[in-house]
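Structure first, commentary second.
Numbering (the working numbering), first residue to last: 2 to 115.
Structure follows, in structure tokens:
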């Protein structure tokens, strides 16, 4: 009988852990404007370094796919990485990558290269 109790307890623990990993249906969804493809790559082949100076006017604007693509092109960047609050990112430096930091509403907070 002890074995049955132990199996039942393990099954209950497993179900509790699965329930803890389930999504929160009450959590608001991200706005459509914030659903930009991160780490996207342009169609042309670039060999230059990224330059974020021409796109600093993006700060405060709501980012969408078209704006992100135009920013990558204006910055002469090969790669684009869009980061949201509390999103883990790699610490590697890539001189051909444009980084755009946005808030939960999709508003641009910062632009940088690397």
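Glycine residues also receive a C-beta, built at the ideal position from the N, C-alpha and C atoms.
Boundaries for residue 67: no beta strand (DSSP E) harbours it, while the alpha helix (DSSP H) harbouring it runs 66-75, taken from the DSSP string.
Residue 64 and residue 106 have their C-alpha atoms roughly 9 Å apart.
The C-alpha of residue 108 is placed about 20 Å away from the C-alpha of residue 78.
About 5 Å separates the CB atoms of residue 56 and residue 75; that is less than 8 Å, so the two are in contact. Residue 60 counts as exposed, since fewer than 16 other beta carbons sit within 10 angstroms of its beta carbon.
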